[in-house]
Every structure is written in structure tokens, then in C-alpha cells.
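Residue numbers (the numbering used here), protein chains in the order written: chain A, 22 to 457; chain B, 22 to 457.
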């Protein structure tokens, strides 16, 4: 005699946006919905998909009857339980999500720009309407880092995290470091291979990393984050020369999203950073992402995986869908959205942070120049860790590299402004921050 | 005017066992219960602690009135919501957990031996009583890998995982590799430093790793696992010679817990394994743990952190306590335990697996020996990737190292039994499996 399984509970999903990630979600549902139903007793049904144009060619085959060009057909459909917003950008995504909550729907989104720049409005709407907002897919695609910070490390105080959170930049930096190609060539390569957009601004100028930093810091430090408070530098100014010198000194150059929760306030910054080769992040290559977290109880942790792409991001969306589906299918009842209570922590101005620094001076090769630089650094309370004078075939411009002990950014800036005005200095001094 | 916060909901906890992990939980509660209440609106109250002896010296200060020597005082206290079992071992832990479920309590445990060896009874009792069982702390301490497999990667099919899941073994192997000390000396060192127990059997012979493998495989492959089906080899037989040769060839030697879900069946095995230096697990040193997971959608992932210790393990216990507390405090209602539905997948016998192999033959230094070995390997369908003959000062015993392409374990065993019987072979041939 066979034991009859209890009937599956149906959860209806409306998808808004059928680009790369949306197509991934459709693929995963097609492939795994059966297995998910067998395992969990939940039948996930894709009820409707809102797209911009019915005519567009798709990455995945979907029955025409599922498509609509009106998001309202999803938002107004009382049978739909979960709205999955995958169109990205601020508008009309914000209105769509707000309307979804108001209409009693749970929401899953991958929209990092919206959450980073206007997150409090969205989280506030969820709390007011007592609905869940899943956003695992907004940071680091397939790596379940949102869940780790929110739940896995729930009792910890996070003191700092360092993240390689943009695959495009990491691909470019990996190519520059491994094959000695310059930024422009490496960018073009990445574009040809589909790892960089035609307009790479958001990626290479650090904006995308800053979006993810805002979301991670909100979760990790449990503070509201004003996006404009984040200091952002991208990778365009990096030259192959400095990447090579860094390598000789035992460092990899990575674009890091850095969050630190200090007693004086939060540090929130995105910039190229040198990491010693024995740091677990220094070996993260190509399109991979990784977040290094220091938690007071759990200690040092690293989460590593694919940060973007159709299926990794779909995996994150599905994780949120399943979490919510379990609740609304009655396995676990959802009483309220139980928002985390946040504080408003102060953000330190960039001038106030302290770091170690890599400095490359291009100077005339004549006696006394190094002494002059060293004196200016000393006067500004900057201690020198090591000096490396490189060979040069041009006596008018010799590279002198100085690694400093921890110093205040304010003092570094002051010293460099003095040094850069000196006649013997031939180019603007290059400065890269160093984390250990 | 101040806005009055809604009153906190109280969740009462009973702790059974006040060893290292139990003391960690008490510490975290002391330090962070206030912050947790502020953030989540949940007041976690440690109601009672059952210990073996009231006289014993403790790692943490607790009011005498909280202590009892009778677990029944906790199991029978109707005000206690969550029972945290931290005594370990099979008995009396199993009875305690079962009784807790029957008395309507939720349970959190760090007991890997019990879950690995008699897990189905425990999971079955939870399901029957419709209670939650949290066991994040049973695998890899501070790394939220249970949550990642259960929820973060919920829609993925896991094809395989490789884990460094025992900090004692990894500390010993790291010392052997970095400082050339032998197993016995490295073990003694680890014991002095508190990284190995006086009786190191469970750790160095791979049993502890196998316990964790059983739990990970159950979650990852969604199959019941019979503990006796796991093939277990420890690190005692490893000699410093082979670790050195491996290094020269570009490999690190690690004790891995390996789970593979193939079409022919599951591979479940714990044994020393060579990993190329560019594999993300090869750089995991000392007491750190890491699990490398391949998921069909999310791709390659790595979870890295402290696998043991007072606070990292307490962090995992707290994560489970908070998950359950959120549900029972009414923020989310718990209707049923919604157990994962499992299958019973076949486990492949060790003879049936395929792998690459490192083989070290100690042979007489005379013509024709290598040819003879190569012929025997060839006859057994084993292809040679590379041969390395090492210098030796003893012509009666020269090491010859052969790396093979993927071959069947059955064939390797057959070939070695032939070769080991040959007069020119002076010691039993060393075999280490290689993962790429």
C-alpha cells in the first residue's frame, strides 16, 4: 500500500521583467519545480510575466498567454501571491513594488540600485503593509550572503567586511594583473566576452559596488545608510605599472567595497585596494565575487561564488521565493514582516579614516629628492614602512615607491598636495590604499 | 514625545550542558541579549542550565540558582520554549531530545555524532511532534553552511561538495606542510595548544569528518544517509615525505570530506586528498574550515570560517535559537515543522569510485623496474599522467612517484596488490587520491 502524500499547496508568482535574470528564474522553475514540489509540498506556479515588448526575442521559451505588457495585470491579480521585480533601476520599479505591497503581495527583487538609493522607502512600505521583501539577489548573485548576515550571523556584531562585489571590475583587474594588458584593452576584452556592458560606467566607476556596499552595511551594521555618504572611486585610474609594482611587493590590487563599524562611526568606501597575497580575497579571480566578514563571535568568514549571471542570480531569487512560499503556504504562517530595528550610525568622512598607503612618486633622479619627500611625510605624521626605488631609463622621471604604516587620510592628502607642487615631482603621485 | 516600543516577547531557553559551547552561549546571551531585544523585539531568557556536577569550575560565571543536575527540570518546565542540547554523544542526548519534542519544546543541538549516526530517529521525532530542530552548530561551527544548503541554495541540485571540516586535522597537516614536522610531533603540538583532544581518535581517524559529511550529504543530496556507508580514512598514515613530494608537484594534502551525487549513486568518503594549489580549498590553513560546493544554478561556492571553538559554535547555536524564537514569539507562527522529503539514494562502494591518484613506489634502483610497474598499471587500465624519480642515497629503496589520470579505485587496488607482491618493491606503495 502506498502512503498518499498530502496535496501540494499552490503559490502563484508574477514576474515583472524577462531579461537575463527573469529568464533564469523561468528556466529554474521549468527544470526544478517538480523536484521542489516533491521535496517541500509547494507547487510554484508562474502565473504571469510582464514585459516591455511582446515581440522581443527571449532567452527562454514561454507560452504567449503568460505574457503581458501591463505590470498592472500582475499587481491587480488577486490570485498572485509573490511579485518578482526584475526590471531594475529606480523607475518604475519603486512604484511597482510599492503597489505590490499595497495590494497585499509579497515581493522579491534583485534591484540593488533601488534598495541602495531609496531603500528606506521600500523597506518602510513592506513594514507598513506587513509584507516580506526578499532581496538576496541584489548582492553577489549566487552567494547567500544576505541570508548569512541576516540570519546565520544574527547574534553577532559585525565589525567590518571587505567585498569583491563586482565581477566586471574583477575580470578587468585579473586580466591586467595576469597578462599585463592595460585598462582600456582589458575593458574591451570584457565587453567582447559579455562580462562588461557597452556603457561600463556603473561597474568600472564603482557605483554598482557602492550599491551593494549600502545593502551589506545596512544588514551588517543595522543602520540606515544614506547612499551619498559612501566614498566611491573606480578602477579607471589604475595603471598597469602600479599593478606590476604591487605584485612585486606581494600584493594584489582589487576593487573593494569596505564597511567598517568603528567606535567613531562607520567607514563606507569603494576604491582600488592592495591586499597581501596571503589574504583570502587576493586569490579571487575573474567573475567571482567574495565577501570577507569579521564577526565578533564567528570570527573571520569568507563567502565566495558567482556574483552575477543568469542562473546564479536566479538561484538567489528562488531562495527568496521559497522562503516566502513556505510561510504563505501555511507551513509557517506569516504574521508580520518583523523589520529589523535600525539605528542611524554616523558615517566618517573620508578624511577621517586611517589606512596603510602605497605611494608612487615620479621624481627627478637627483640627490636629496627622497629625503625631501620623506621629510614632508614625517612632518605629516606618516611613518614609512618601506622604500623601493625602481630602475628607469629616463633620469627626469624615476619611480619611487613608498609603503606607509597606518596613517590618517587627511595627513596623506596634505602631504601629497605639498609634494605634488614640488618641481622635482614630474607626475601626480599615485596613491592606493592597502588593507592587511 | 518618545514613541513607545511595543513590549518585547519573552522566549525561555533551557540549556543542557555547560562545557565549552554551552559557556559560549551563556557569554553571547550576556553580551548581546540586550542588543538582540532592541533589534528584534525578542527577549531571550536563560531559564535553567542542566550540568553534571554543581561543583565543577566553569568557563563562565552563572548564578547558582540557574543550575540543576537534573535535565528533567528543564524538560518538565512548561515555561521553557527551546531546549538547547550541548552535551554531545549518543546517550543520554537522544533521550533528552526526544523527550523535549514530546513535551512540546523546540530543540537546538550541536550534536553531530547523534545526527550522523541516528539522525533519522531524531528528525522523525521532530516531524511527528511538529517541532523545529536547529542543528547549524553541528557542522563547521561559525560557518552558516546548514542554512546555506537548506535555504540559500534551496532550488539548486548539489552535484558535489568537498569539505575541510575538522580543524584538528587541518592544524596538524598545516604544521606538517609548513614546518616539516612529522605526524606525531604535530599532534603533540596541537594537543599542547588545545587544538587536539588527549584522545584524538575521533578527529585524526576521520570519524568527526564523517559525521559532518553525513549531515552535509543529507542536506545537499536530500537523501537519508546510513553512517556505515561512509568510507573513512584518517591522517595517521600520512608521512612527511609524501606531503613534501606533493608540494613539489604543486599540491596540498588535506583531509577532505567528499560527497558526490552521481547518476550511478552517491560517493561518500573521508580521506587524505591532494588538491592543486590553485584550488580554493588548498589555501585553507590551521583551525579554519571550508566547504566547497558545486550547485547546478549557483555554480561553485566556497564557505570559509572557524569550524570550532567557543564563540564560533555559540554563534551557530544562537542563529538557530533566533530563527526559532522569531517563529514562536509570534512574529512568524510555526504551524508545522515541514520536514524535507528525502529519498534513499544508493551509495557507491569505494571500489566503484573513480579518481586521480598519487602513487609512491619504493623500489630497487635497477633497470626495468619502472617498465614493470608501468606495464602492470597499463594492464589494469590505469593511464600515467607523470612520473617522477627522486634521488636516493639508498640504492635498495628509491622512490618513484606516479600521478595517474582518472582511474577506477578497483583497478588501482588490483594493480597495487600485484606490484606490492613484487620482490623489487621494498615498502607498501603509498596511495593518495587527487581532486582537481
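Ideal Cβ positions, reconstructed from N, Cα and C, are used throughout, including at glycine.
- Contacts with chain A at 9 Å (Cβ-Cβ) include residue 177/B.
- Residue 409/B sits in a strand when the DSSP states are folded into three classes.
- Taking a Cβ-Cβ threshold of 7 Å, the residues of chain B close to residue 173/A are 165, 168 and 340, in chain order.
- Taking 8 Å as the cut-off between beta carbons, none of the residues of the stretch 415–432 of chain B comes near chain A.
- One finds 45, 49, 163, 332, 333, 335, 336 and 339 in chain B with Cβ atoms closer than 8 Å to the Cβ of residue 318/A, taken in chain order.
- In this structure the stretch 192–206 of chain A touches the stretch 262–281 of chain A; the number of beta carbon pairs closer than 8 Å is three or more.
- Judged by DSSP secondary structure, residue 292/B falls within the beta strand (DSSP E) whose first and last residues are 286–297.
- What residue 362/A touches in chain B, judged by beta-carbon distance under 9 Å, is 26, 59, 60, 61 and 62, going in chain order.
- Here the C-alpha atom of residue 435/A lies approximately 41 Å from the C-alpha atom of residue 131/A.
- Burial is judged here by how many other beta carbons sit within 10 angstroms of a residue's own beta carbon; residue 216/A has at least 16 and is buried.
- Secondary structure at residue 186/A: coil, using DSSP grouped into helix, strand and coil.
- Taking 9 Å as the cut-off, the Cβ atoms of residue 277/A and residue 291/A count as close.
- For residue 144/B, no Cβ of chain A is located within less than 9 Å of the residue's own Cβ.
- CA-to-CA, the gap between residue 375/A and residue 419/A works out to about 28 Å.
- Residues of chain A with a Cβ closer than 7 Å to the Cβ of residue 151/B do not exist, since the nearest Cβ in that chain sits about 10 Å away.
- Annotation: residue 227/B to residue 61/A spans about 33 Å, alpha carbon to alpha carbon.
- In the pairwise beta carbon analysis, the stretch 28–40 of chain B is classified as touching the stretch 87–105 of chain B: at least three pairs are separated by under 8 Å.
- Residue state for residue 132/A is assigned as coil, using DSSP reduced to three classes.
- Here residue 122/B is actually not in contact with residue 171/B; their C-beta atoms are around 19 Å apart, not less than 8 Å.
- At a cut-off of 9 Å between beta-carbon atoms, residue 36/B makes no contact with chain A.
- Counting other Cβ atoms within 10 Å of its Cβ, residue 399/A stays below 16 and is therefore classed as exposed.
- Nearest CB-CB separation between residue 324/A and chain B: below the 9 Å threshold.
- The three-state reading of DSSP puts residue 426/B in coil, since its state is none of H, G, I, E or B.
- The contact set of residue 304/B on chain A, defined by CB atoms closer than 9 Å, consists of 299, 301 and 304 in chain order.
- Look at residue 401/B: its C-beta is not under 9 Å from any C-beta on chain A.
- Taking 4 residues as the minimum length, the alpha helix (DSSP H) runs contained wholly in the stretch 252–333 of chain B are 261–269, in order along the chain.
- Taking a contact to require three or more Cβ pairs closer than 8 Å, the stretch 155–165 of chain B and the stretch 329–336 of chain A do not qualify as touching.
- Pairing residue 295/A with residue 303/A, the inter-Cα distance amounts to about 9 Å.
- Think of a sphere of 8 Å around the beta carbon of residue 124/A: no beta carbon from chain B falls inside it, the nearest being about 21 Å out.
- Among the bridge pairs identified by DSSP, residue 379/A is matched with 424/A and 453/A.
- In the structure shown, the three-state DSSP call for residue 438/A is helix.
- Classified as buried, residue 379/A has 16 or more neighbouring CB atoms from the shown chains inside 10 Å of its CB.
- Scanning the stretch 61–113 of chain A from its first residue to its last, the whole beta strand (DSSP E) runs of 3-plus residues come out as 63–71 and 103–106.
- A distance below 6 Å between beta-carbons, with the five flanking residues on each side excluded, links residue 127/B to the following residues of its chain, in chain order: 103, 152, 153 and 345.
- Not a single C-beta of chain A is nearer than 9 Å to the C-beta of residue 216/B.
- At a beta-carbon threshold of 8 Å, none of the residues of chain A lie near residue 102/B; the nearest stands roughly 16 Å away.
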